[in-house]
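All remarks here apply to the structure that follows.
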Amino acid sequence: MNKKDKVATKNNELNKKIEMENNRKAETSKMKEEIGEMEDATKYGEFISSYFAWMTLERQKQLAKRMEEIDRKNK
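Heads up: the sequence shown begins at 22 in this note's numbering, then just goes up one per residue.
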């Protein structure tokens with residue numbers, strides 16, 4: 022294998038890596054569009070779950086506040 026072939030092989034490998042990275046970015050972008058800018062996802066697109074069901078972050082905060090109020094009444 023001469024030097025020219027080695028360079029061509031290396032360029033092909035790099036092009037494949039770039040293509041894979043671009044595909045990953047496109048998939049991530051598509052997923053973000055499908056999910057939208059909802060409050061039940063982190064900035065990394067991970068869902069925030071609750072114990073019994075999927076709830077928005079705002080709903081989880083409301084329930085936590087309600088439980089704190091119930092706890093204060095019982096003291």
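Beta carbons: idealized from backbone N, C-alpha and C, even for Gly. Quick caveat, the model's predicted, so the values are computed rather than measured.
Look at Lys-37 here: in three-state DSSP terms it is helix. Taken through DSSP and simplified to helix, strand or coil, Met-88 comes out as helix. Here Glu-48 has no same chain residue with a Cβ atom under 7 Å from its own Cβ, once five neighbours each way along the sequence are excluded. When the Cα atoms are used, Ile-91 and Leu-84 turn out to be separated by approximately 11 Å.
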